[in-house]
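To keep things clear, I will list the structure first and then write my remarks on it.
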Amino acid sequence: MNLNLLIIIPAITALGIVFSSGLKQVRFVAFAGAVIQLVLSFVLLFLFQQERNAGNNEQFIFQATYNWFPSININYHIGVDGISIAMILLTAFVVLAGVLVSWRQEKLSKEFFLLLTVLSAGAYGYFIALDLFTLFFFLEVAVIPKFLLIGIWGSGKKEYSAMKLALMLMGGSALVLVGMIGVYFSGTNSLDLITNAQSSIAEETQRIFFPFLFVGFGIFTALFPFHTWVPDGHSSAPTAASMFLAGISMKLGGYGCLRAAVYLMPEAAAYYQPVIIILSAIAIIYGAFATLMQTDLKYINAYSSVSHCGFVLLGIGMLNQTAINGAVLQMVSHGLMTALFFAAIGMVYDRTHTRMVKDIGGLLKVMPFIATVFILAGLCSLGLPGLSGFVAEMTVFMGSWQNPETLYRVATILACASIVVTAVYILRAAGKTMFGPIVNQEHLSFTDAAWNERLAAIVLLAAILIMGIAPFVVTDIIYPGTEVMMQKIIVHQ
Amino acid sequence: MFRLYYNIFWNKQDAHLHDFHGEGPISMKLPLIILGTLSIVVGFIPFAHYITPTGKPGEMHLDLMFSIAPVLIGVVGIAVATMFYKSQNEKADKVATQLNGLYKAAYRKFYIDEVYLFITKKVIFNLIGRPAAWFDRNIVDGFMNALGNTTVSFSASLKDMQSGKVQEYALYFIAGVIGLSLIGIYLWM
Amino acid sequence: MPTSTLLNLVNILLAVNFIAGFFSNTVGDAFGSMFHSTQLIHLEKNILNLAVLVISLQSREWLSTHKHIHEFYVILLASLSGMFFMISAQNMFMFYLGLELSTIPLAALANFDLAKRKSGEAAMKFIISSAFSSGILLFGISLLYGALGTLSYEGIAATMSGQPLLILAFVMILAGFAFKMSAVPFHLWTADVYEGAPVAVTAYLSVVSKGAVIFVFFSVLYTAFEHIFISWYNFLFLISVLTMITGNLFALRQNNIKRFLAFSSIAQVGFILIGITGNSAEGAAATIFFILIYLFSNLGAFGVISLVSAKTGKENISDYKGFHKTNPLLAWILALSLFSLAGIPPTAGFFGKFFLLMSGAAQNNTALIVIAALNMIVSLYYYLKVVKAMFMDSNEMAIPKVNTGFQAGLAFAICMAGLLITGLFGGCYEYIFSIIHL
Chain A
712 MNLNLLIIIP AITALGIVFS SGLKQVRFVA FAGAVIQLVL SFVLLFLFQQ
762 ERNAGNNEQF IFQATYNWFP SININYHIGV DGISIAMILL TAFVVLAGVL
812 VSWRQEKLSK EFFLLLTVLS AGAYGYFIAL DLFTLFFFLE VAVIPKFLLI
862 GIWGSGKKEY SAMKLALMLM GGSALVLVGM IGVYFSGTNS LDLITNAQSS
912 IAEETQRIFF PFLFVGFGIF TALFPFHTWV PDGHSSAPTA ASMFLAGISM
962 KLGGYGCLRA AVYLMPEAAA YYQPVIIILS AIAIIYGAFA TLMQTDLKYI
1012 NAYSSVSHCG FVLLGIGMLN QTAINGAVLQ MVSHGLMTAL FFAAIGMVYD
1062 RTHTRMVKDI GGLLKVMPFI ATVFILAGLC SLGLPGLSGF VAEMTVFMGS
1112 WQNPETLYRV ATILACASIV VTAVYILRAA GKTMFGPIVN QEHLSFTDAA
1162 WNERLAAIVL LAAILIMGIA PFVVTDIIYP GTEVMMQKII VHQ
Chain B
885 MFRLYYNIFW NKQDAHLHDF HGEGPISMKL PLIILGTLSI VVGFIPFAHY
935 ITPTGKPGEM HLDLMFSIAP VLIGVVGIAV ATMFYKSQNE KADKVATQLN
985 GLYKAAYRKF YIDEVYLFIT KKVIFNLIGR PAAWFDRNIV DGFMNALGNT
1035 TVSFSASLKD MQSGKVQEYA LYFIAGVIGL SLIGIYLWM
Chain C
353 MPTSTLLNLV NILLAVNFIA GFFSNTVGDA FGSMFHSTQL IHLEKNILNL
403 AVLVISLQSR EWLSTHKHIH EFYVILLASL SGMFFMISAQ NMFMFYLGLE
453 LSTIPLAALA NFDLAKRKSG EAAMKFIISS AFSSGILLFG ISLLYGALGT
503 LSYEGIAATM SGQPLLILAF VMILAGFAFK MSAVPFHLWT ADVYEGAPVA
553 VTAYLSVVSK GAVIFVFFSV LYTAFEHIFI SWYNFLFLIS VLTMITGNLF
603 ALRQNNIKRF LAFSSIAQVG FILIGITGNS AEGAAATIFF ILIYLFSNLG
653 AFGVISLVSA KTGKENISDY KGFHKTNPLL AWILALSLFS LAGIPPTAGF
703 FGKFFLLMSG AAQNNTALIV IAALNMIVSL YYYLKVVKAM FMDSNEMAIP
753 KVNTGFQAGL AFAICMAGLL ITGLFGGCYE YIFSIIHL
C-alpha cells in the first residue's frame, strides 16, 4: 500500500474545504475525508497483518523513500510498524469524532475545518515518518493550527493560552532540532531512523543529545515541569481542538520519545533512566492531586491528562518490553478516552454554557445519553476493568514492577496510588454533575445528544470497549513493533 | 457477614412474619446458583494465560501461604459467628458489654467512614491537593511565565540603545570595530 | 506617456529581464580579471532581478500617484547595477566601486516621499552612516593593500595571514559588510531608515541590498580570507549571537510594523551568519537558498504592508487588529509570510533555517545551535503577536477592505508560490548546491 495516501487524503480534503462554501459543504467535505481516512486506516491494518502473516518480518513495512535533498542526505522516508499503525488508527478515530462534534461550527467554519484537517495531516505524516527530518517537519506542521484553533475559536483567556501553547511547543521543537542535528553529526551523516538505529552512536554524544530529544518531545506530552501549557491550552480550546490536542497531539510527544530518543540512544536512556522515572512519577501523582482541586470540568480532564501521560513516559522510562507495550497502549487508550471525555464535556457545555462542577447537577435525568458517555469516559479514566484504561495502566504497572530497584518500585507504587486519587476526582465530578440533584431548573429543558454527537461518542466508545474487552486485538499489532525496538535497547544497556 | 447469615436464616423471626414464598422461582435461583458455582471455581482458571501484556502467556505462582491465610482467617470468623449467633443466646451481648469499646468500634465499622472522610476531605484535599494545585499555578507555571516576562522586560530596558542619534550610532560602530579588533588580536591569537 | 502605461511597460521589461536572466550563462572574466562571472553569480543576480520585479509590481499602487516615476526607476536600476558589479567583483577595488554605486542612489530613494519629514530624516541618517562605514571599509582595504600589495581576491588569499595588522584590516572590512547586512553592533541605522523610507524602498533595502551584500560576503570569506578561517569563525560566532539576540529583543516591543520587520530582518541575518560559519559548499548553498526564501517571505509581508500603507496610511501593528475579518486573503498572505520568517513548515522558511543551522553545526559548536534554537522561540512570539492581532483581536476601526490590483496580485502569487514550492520541492536547493564550486 502506498502510505502517501495517508497524507494525500487530508491534503485533498483541505483543498476541497478551500473550494467549498458554506457550513454544509465544508463539513460534508471534512466528514467525508475523515471517514475515508478511517476506512483507509483499517485497510492499512488489514494489509499490514496480511504482510506479517505472509512472513514479512521487516521492521517497517510499506516503506518508500524519495531523495528529498540528496546532497545533504535528507530523505522523505516513510513506513509503518505496529506502533505506527496503532497511532494512525487512534488518529483516524479521534479526527472523525472531532469533525462530528464540530458539526454546528458556524463561526468561520471554512478556516476551522481547514485547520483541523491540516493538524490531522501533520499527525498522520508524523506517525509514518522514518526520517527524523520528515518526522520533525510534520511535528511542526501541527503546531500553528493549534495556536489558531485556540486563539480564534477558543474561550476564556484564549489568546494567552494559545500563545503559551505555541511557544512551549516551539520550545520543544527547538530542543528536538538540536537533538536531531546531534544525531546527524554523530557519524552517520544521516537523519534516517533505520540507518541511525543500525549504527550505534557514541555514548558521549548520546549523553549530550539525548536530553534534547527526550525533553523536546517530552514537552509535547506534558513532561513535568513543562506541562503548564496543557491545562490552559486544553481548557481554552474549542471542543474539537481539545480532542485533537489531548487525543492526538500529546501522543506525538510520547511517540517521539520512544521512536527517536530511546530507540536511537539506548545507552543514554539507561543513563538518564532515574531522572525520567522521577519526573514521570511526579507528573503522575502530582497531576492527580492537582486535579483534585479543579472546579472546571475541562481543567479536570486537562490535569488528569498530565497524570495519565505520565504513565506513558513512565512506561517508556522503564526500558522493558512490557512497560513499553503499556506505554503505547496507554497512548492509544488515553487518546480515545480523553477525546471522548472532552467531547462529552463539550456537549454539556454547549447546552449549559458552563463547565463549573458546582453549576451542574443531575444531568443523567435530563440527557441520559450524554451523561452515560460522560460516566463511561470517567470510568475508563479511573481504570475500570473492561475499558481500555485498565488494560493500558495494568500493563504499565506489570512492566514497571519488573524493575526490582527501590526507586522504580517506589515510582510504581506511587503511580498505582494515583489511581485511587483518580477515582476520587472522577467519581466526585461525575457524581456531582450527572447524579445528584438538578442544580439549575433551566437545565430541565435541555435536549439529549443529536445524531452527530451520538455518532462521535459511539465511534470512540466502540474503540474503547474493543480495546478493553479484547486487548489482544491491539497488543498483537503493537507487540512485534516493540519487540524489534527492544532488541536494540536491551543489547545496548 | 456470617452474623447476617445466621440472623436471617437461622434465628426465629421477631414479631412480624412476612408472607413466606419459599425460596423463590427458578428464574431467581438459577443465576444465583451459577454465580455461586462460578465464584467457587473462578480462582482456579489461570487468567494469566489469557490476558497478558506481551502476547506470551504469563507465569502464575500459587503462593500457598498467601492462599491459606485468608481462608484460615475466614474459617475462624465463621466459627466465632456460629458460636455467637447460631442460636439466640446471651453470649454475644455478654461479650459486647465486656469489650464495650471494641464492640462499639466494630459496630461503627471501626470508624472507617469517618476516618476516610477525614483523610480525604481534611488531609488530602487541604494538605496535598490544594498545595499541589497552588504550586502548579504559581511556582511551575509562574516560572514559565516569568521566563517570558523577563525577556520582554529585558527588551524594554534595552530600548535606550536605539536613540535615533546618528552620532551615537557612529560611536557604537567605531566601538564595535575597536572591540572586535582587540578581541581578535589579543584574545584569539 | 500616461502613468499606468509607463508602469506596465516597466514591469513587462523587468519581467523580460528576469526571464532573460535564466538564459545568460556566459562564464568568464573581464576588465583584467576584476569582473568575473559564473553560473552561480548569474543565479544570484537573477534572484535580485526577481526581487526587483516583485517590488516594482507591489509598489504600483504607491507609484501611480507619484510625480517622479522616471527618476524612481532610474535610481533603482542604477543601484541594482551597482550590486551586479559588486557580486561579480574579483577585486577589493571593484567591490568597493560596486558597493558605492549601489548605496548612494539608495539614499535618494529613501527620501522619495519628499513631503514626509521622516523620509528626509531617514535619507540623511542613511547617507551619513553609509559614508562613515565606507570610510572604515576603505581604511581596511588600504591597510590590506599596504600590507599585501594586492587587492585581487586571489592575491589576498595567497598572502593573507593572521598578523595583527591584517586582522585589524579584516575587522574593518568586516565592519563594512556588517553595516550593509545590519549585523550588530553596526545595525543601528536600520530601524530608523526602514521606518522612514517608503515601503517599496524599505523592501528593497531589506531584501535586495542585504541579499547582494551577503552573496558577496560569504564568497569573499570563502576565497580571499580562507586562510584566516579560525579568526573569522570566532568573529562571526560572536556577531551572529549578538545579532540574533539584539534583533529579537528589539523586535519584541515594536509597534510600527516596518520597524518591527527591520528588527526581525536583523535577527534573520544572525541566522544567515550561522550558515556562513559552516565554511563549506553546504553553507554557501544554504545561504543562497535562504536569501531566495527570505525574498519570498519578506516581500510577501512588505507587499501587504505596502498596499495597506498606500490605501490607508496605517503602519502600526495595532492597526492590524481585526484585519482578518475585513481582508481575509491579505491576512493569510501576511500570516504565511510571517510563518515562513519564523521557520514554520510547510513554508519554505522552515527548510531555509534548518539548512542554515545544519551547515553551521558542521563546525561542532553546539552552543551556537542551542542559542539559535532558543532565539527561534523568541522570534515565534513576536511573529505570532502580529498574527494574533490580525486573527484574534476584534476592532471597530479595522482596516477596511483593500482592493488588490492585478499586478500586486501577481506579486503575491509569485511570493506565495515561492514560499510553498521552494522548500517542499527539493530540486531548488539541489540546483543551487550543484552550481557551487568552491
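Quick note, the sequences are listed as chains A, B and C, same order.
Using the numbering used here, the letters of the first sequence map in sequence onto residues 712 to 1204.
Using the numbering used here, the letters of the second sequence map in sequence onto residues 885 to 1073.
Using the numbering used here, the letters of the third sequence map in sequence onto residues 353 to 790.
The beta carbon of each residue, even a glycine, is placed where N, CA and C say it ideally should be.
- Think of a sphere of 8 angstroms around the beta carbon of I493(C): no beta carbon from chain A falls inside it, the nearest being about 35 angstroms out.
- At a cut-off of 9 angstroms between C-beta atoms, W1072(B) counts as an interface residue with respect to chain C.
- Within the segment 590-618 of chain C, those residues whose Cβ lies closer than 7 angstroms to any Cβ of chain B are, in chain order, L601, F602, L604, R605.
- For the segment 896-914 of chain A, the set of residues with a beta-carbon nearer than 9 angstroms to any beta-carbon of chain C comprises F896, in chain order.
- Under DSSP, G380(C) takes part in a beta bridge, and its partners are S389(C).
- Burial check for T1006(A): the Cβ neighbour count within 10 Å stays below 16, so the residue is exposed.
- With at least 16 other beta carbons inside 10 angstroms of its own, R1062(A) counts as buried.
- Among the CB atoms of chain B, none fall inside 9 angstroms of the CB of L827(A).
- Interface criterion met: the Cβ of L886(A) is under 9 angstroms from a Cβ in chain C.
- Across the structure, F581(C) and Y546(C) are spaced so that their CA atoms are roughly 33 angstroms apart.
- For F780(A), the beta-bridge partners assigned by DSSP are I785(A).
- The way I'd put it, the segment 641-648 of chain C does touch the segment 773-783 of chain C; three or more beta-carbon pairs between them come closer than 8 angstroms.
- Residue environment analysis places F753(A) among the exposed positions, since fewer than 16 neighbouring C-beta atoms fall within 10 angstroms of its C-beta.
- Residue state for I772(A) is assigned as strand, using DSSP reduced to three classes.
- Interface with chain C (9 angstroms Cβ-Cβ cutoff): V852(A) is included.
- Contact residues of the segment 991-1011 of chain B toward chain A are T1004, I1008, F1009 (C-beta to C-beta distance below 8 angstroms).
- Look at the segment 723-751 of chain C: the residues with a C-beta under 7 angstroms from a C-beta of chain A are A725, L726, M728, I729, L732, Y733, L736, K740, F743, M744.
- Distance from the CA atom of Q1032(A) to the CA atom of T1193(A), rounded to whole angstroms, is 7 angstroms.
- For V1150(A), the three-state secondary structure derived from DSSP is coil.
- Nothing from the segment 969-980 of chain A brings a Cβ to less than 7 angstroms from some Cβ of chain B.
- Between Q770(A) and V1195(A), the C-beta gap is smaller than 9 angstroms, which places the two residues in contact.
- The CB of V1024(B) comes closer than 7 angstroms to the CB of P936, T939 in chain A, given here in chain order.
- DSSP places V754(C) in the coil class of the three-state scheme, outside both helix and strand.
- DSSP places A877(A) in the helix class (H, G or I) of the three-state scheme.
- For P1015(B), the uninterrupted alpha helix (DSSP H) run begins and ends at 1014-1018, by DSSP.
- By the neighbour-count criterion, in which 16 or more other beta carbons inside 10 Å mark a residue as buried, R970(A) falls on the buried side.
- Across the set F1002(B), G1013(B), T1004(B), the C-alpha of G1013(B) shows the shortest separation from the C-alpha of M1004(A).
- Taking a Cβ-Cβ threshold of 7 angstroms, the residues of chain A close to A1016(B) are Y997, F1000, A1001, in chain order.
- When the Cα atoms are used, Y1136(A) and S1015(A) turn out to be separated by approximately 9 angstroms.
- Taking one beta carbon from each stretch, the segment 701-715 of chain C and the segment 622-633 of chain C have 3 or more pairs nearer than 8 angstroms; the two touch.
- Beta-bridge annotation (DSSP): D842(A) is paired with D903(A).
- Linking S991(A) to L1025(A) through their CA atoms gives a straight-line distance of about 5 angstroms.
- Following the DSSP letters along the chain, one finds D1187(A) inside the alpha helix (DSSP H) bounded by residues 1183-1202.
- Contact annotation: A549(C) and N463(C) have beta-carbon atoms nearer than 9 angstroms.
- Just so you know, the alpha carbons of A840(A) and T828(A) end up roughly 18 angstroms apart.
- Comparing alpha carbon positions, the residue from T724(A), A797(A), I747(A) closest to D1187(A) is A797(A).
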